[in-house]
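Asks: Sequential numbering from 11 applies to the sequence shown in the working numbering.
Pasting a structure below so you can have a look.
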Amino acid sequence: MTLSNSLATMDVATSLHPYTDARAFEATGPLIMDRGDGIYVYDSSGKQYIEALAGLWSVAVGFSEKRLLSAAMQQMEKLPYYHIFAGKSHEPSIRLSDKLVEIADDQRLSRVFYTNSGSEANDTIIKLVWFMNNALGRPQKKTFLARNKAYHGITIGAGSLTGLPNNHRDFDLPAIPVVHLTCPHYYRFGIDGESEAEFTQRLLVEAEHTILQKGPETIAAFIGEPVMAAGGVLLPPEGYWPGIEALCRKYDILLVADEVITGFGRLGTSFGYKKFGFSPDIVTVSKQITSSYMPLGAVLFGERIYNAVADNSHKIGTFGHGYTGSAHPVATAVALENLKIIEERDLIGNAAKLQDQFQDRLSQLAELPFVGEVRGVGLICAVELVADKASKRPFSKPGRVGTLAMQIGHEQGLIFRSIGDTLALCPPLIVTEDQISEIVARMHRVLTLTVAQIK
Ligand code: PLP
Numbered sequence: 011m012t013l014s015n016s017l018a019t020m021d022v023a024t025s026l027h028p029y030t031d032a033r034a035f036e037a038t039g040p041l042i043m044d045r046g047d048g049i050y051v052y053d054s055s056g057k058q059y060i061e062a063l064a065g066l067w068s069v070a071v072g073f074s075e076k077r078l079l080s081a082a083m084q085q086m087e088k089l090p091y092y093h094i095f096a097g098k099s100h101e102p103s104i105r106l107s108d109k110l111v112e113i114a115d116d117q118r119l120s121r122v123f124y125t126n127s128g129s130e131a132n133d134t135i136i137k138l139v140w141f142m143n144n145a146l147g148r149p150q151k152k153t154f155l156a157r158n159k160a161y162h163g164i165t166i167g168a169g170s171l172t173g174l175p176n177n178h179r180d181f182d183l184p185a186i187p188v189v190h191l192t193c194p195h196y197y198r199f200g201i202d203g204e205s206e207a208e209f210t211q212r213l214l215v216e217a218e219h220t221i222l223q224k225g226p227e228t229i230a231a232f233i234g235e236p237v238m239a240a241g242g243v244l245l246p247p248e249g250y251w252p253g254i255e256a257l258c259r260k261y262d263i264l265l266v267a268d269e270v271i272t273g274f275g276r277l278g279t280s281f282g283y284k285k286f287g288f289s290p291d292i293v294t295v296s297k298q299i300t301s302s303y304m305p306l307g308a309v310l311f312g313e314r315i316y317n318a319v320a321d322n323s324h325k326i327g328t329f330g331h332g333y334t335g336s337a338h339p340v341a342t343a344v345a346l347e348n349l350k351i352i353e354e355r356d357l358i359g360n361a362a363k364l365q366d367q368f369q370d371r372l373s374q375l376a377e378l379p380f381v382g383e384v385r386g387v388g389l390i391c392a393v394e395l396v397a398d399k400a401s402k403r404p405f406s407k408p409g410r411v412g413t414l415a416m417q418i419g420h421e422q423g424l425i426f427r428s429i430g431d432t433l434a435l436c437p438p439l440i441v442t443e444d445q446i447s448e449i450v451a452r453m454h455r456v457l458t459l460t461v462a463q464i465k
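This is the structure in structure tokens:
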């Protein structure tokens, strides 16, 4: 038995994998990844793949950045672990907070709280906002507004904000007061004959009606990903974000940008809120903050929230929230080095420079049969496959064609993510022009082979 065969057997015998059909997995076993190099990963048989989803939308600097290894080793040698509870601190945490506030470049975002993941960051904002509103003597202001198809993570709180059926079904979620509004995806949820501007208007009217019907005094915050990624790479219609921001200001509702995927350059700007021209009160980040070399999440917020929370912590004697790994020194040291690399190599500029080539070349795939929509911005894009292009009718068994395309992708050495029958691409920010051409060529091949098998 080869090593990879015995590992596969052990894996099937001992693991429960996230986002996996466990019974199907027992039959197929894992695809074991062994090593990485730039935008490529290699499986245990030595086969090379272009990692065109950057792992889980997260590996900005590619899979072999030695500077992150050095940063981690140096910190491991000096102070491998410490916490920042009860007045303690350490240099990488302090420097990273300063750096994040500098990058955020918005007076509303002057404070940082650390977590280990995006889910924990979004859980933290729920508690932060509830703690704040209790402190301000408005305990009824607790409900969140989110959107159908949103992805904010999977913990009890963050999973409640998520608007995808498989994250709620049989998990007894949502478990917090949340209203999911219409998904702002014009192609799928625009009504026949409705212009994009009319669609935006309808979404804003729906949001305002919901606020008025529930009572503005009960609505704490609106949370959204600037571009909804895990829901299928769904771009907001023109004018959506400024309209949502205006509603939040009008009714004293906090605006939360979940930048776990869009943060640090994915859209060709440092943050998605800069791309879409709005100014959030709270921002959550993770993933590209360390290129996922280490687990780390963070919440950015401003003095108004800070002051209410600080006063209440003084009254109670503590702010009773935080993780053993909050501001982990190795993770924060790796984040600092990763952000330095992004800055030095101008990877945000690279995304801005290559986005036209990436989007234009991929949008040509819309000419193929069964391709309903190709959509994207910056270095994130999706190809949605449909049974009928004219009517946009989905396939009768959702996800079957998408899974087939993903399998063919593996055969062709291209890793992307299938979300139902939508195929998502999100390459590392270090990607080059030539590599984009190769991604598009492989995607073309994958689609041609997939389409040939659709009956
Ligand atoms: N928010 C967004 C926008 C995400 O895409 C994700 C993960 O994909 C999360 C939150 C959850 O992050 P994590 O998986 O680190 O808990």
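Ideal Cβ positions, reconstructed from N, Cα and C, are used throughout, including at glycine.
Predicted, not measured: the structure shown is a model, and the values here were computed from it.
Nearer than 8 Å: is that true of the beta carbon of Trp-251 relative to any heavy atom of the ligand PLP?
Replies: no
Asks: Taking the DSSP output, what are the residues bridged to Ser-468?
Replies: Outside the displayed span of the chain (11 to 465) sits residue 468, for which this structure offers no information.
Asks: Where do the N-terminal and C-terminal ends of the beta strand (DSSP E) with Tyr-161 fall, by residue?
Replies: Element bounds for Tyr-161: n/a, residue is neither H nor E.
Asks: Going along the chain, which residues of its own chain have a beta-carbon closer than 8 Å to the beta-carbon of Met-86, five neighbours each way excluded?
Replies: Val-340
Asks: For a test of the three-state rule: what should DSSP assign to Ser-447, helix, strand or coil?
Replies: helix
Asks: Measuring alpha carbon to alpha carbon, tell me which of Leu-265, Thr-342 and Ser-14 ends up nearest Glu-101.
Replies: Thr-342
Asks: Identify which residue in Ala-451, Gly-242 and Thr-24 has its Cα closest to the Cα of Gln-374.
Replies: Ala-451
Asks: Can you tell me whether DSSP reads Leu-439 as helix, strand or coil?
Replies: coil
Asks: Under 9 Å, do Leu-395 and Thr-460 count as touching if we go by C-beta distance?
Replies: yes
Asks: Determine the direct distance from the alpha carbon of Gly-359 to that of Thr-279, and round the result to whole angstroms.
Replies: Their Cα atoms are separated by approximately 8 Å.
Asks: According to the Cβ coordinates, are Ala-362 and Cys-391 closer than 9 Å?
Replies: no
Asks: What residues match up with Gln-58 in a beta bridge as DSSP calls it?
Replies: Tyr-52
Asks: Tell me, please, whether the CB atom of Gln-422 is closer than 9 Å to any CB atom in chain D?
Replies: The structure shown contains no chain D; it is built from a single protein chain.
Asks: Compare the Cα-Cα distances from Thr-442 to each of Leu-364, Ser-428 and Pro-90 and report the closest residue.
Replies: Leu-364
Asks: Roughly how many whole angstroms lie between the Cα atoms of Asp-53 and Gln-417?
Replies: If I take the Cα positions, the gap works out to 15 Å.
Asks: With a threshold of 8 Å (Cβ to nearest heavy atom), would His-162 be considered close to the ligand PLP?
Replies: It does: the Cβ of His-162 is within 8 Å (strictly closer) of some heavy atom of the ligand PLP.
Asks: Quick one: Cα of Leu-414 to Cα of Ala-308, how far?
Replies: 36 Å
Asks: From which residue to which residue does the beta strand (DSSP E) around Leu-389 run?
Replies: Unbroken run through Leu-389: none, as it is neither H nor E.
Asks: Pick helix, strand or coil for Tyr-250, following the three-state DSSP scheme.
Replies: helix
Asks: Check whether the Cβ atoms of Pro-184 and Gly-200 lie closer than 9 Å to each other.
Replies: no
Asks: Start and end of the beta strand (DSSP E) containing Val-243?
Replies: Val-243 -> no beta strand (DSSP E), and no H or E assigned at all.
Asks: Suppose contacts are defined by Cβ-Cβ distances below 9 Å. Is Thr-153 in contact with Val-188 by that definition?
Replies: yes
Asks: Residue range of the beta strand (DSSP E) that His-190 falls in?
Replies: Element bounds for His-190: 188-191.
Asks: Using a Cβ-Cβ cut-off of 7 Å (strictly less than) and excluding sequence neighbours within five positions of Ile-49, which residues of its own chain qualify?
Replies: Ile-60, Glu-61, Gly-72, Pro-437, Pro-438, Ile-440, Val-441 and Gln-445
Asks: Measuring from the CB of Val-461, is there a heavy atom of the ligand PLP at a distance below 8 Å?
Replies: no
Asks: To the nearest angstrom, report how far apart Asp-366 and His-324 are at their CA atoms.
Replies: 51 Å
Asks: Rounded C-beta distance between Val-456 and Gln-422? I'm assuming under 8 Å.
Replies: 5 Å
Asks: Can you look up Met-304 in the DSSP assignment and give me helix, strand or coil?
Replies: DSSP places Met-304 in coil when its eight states are reduced to three.
Asks: With distances taken from CA atoms, which of Gln-369, Ser-296, Gly-419 and Glu-383 is nearest Gln-110?
Replies: The sequence given here places Leu at residue 110; Gln does not occur at that position. Leu-110 has its Cα closest to that of Ser-296, out of Gln-369, Ser-296, Gly-419 and Glu-383.
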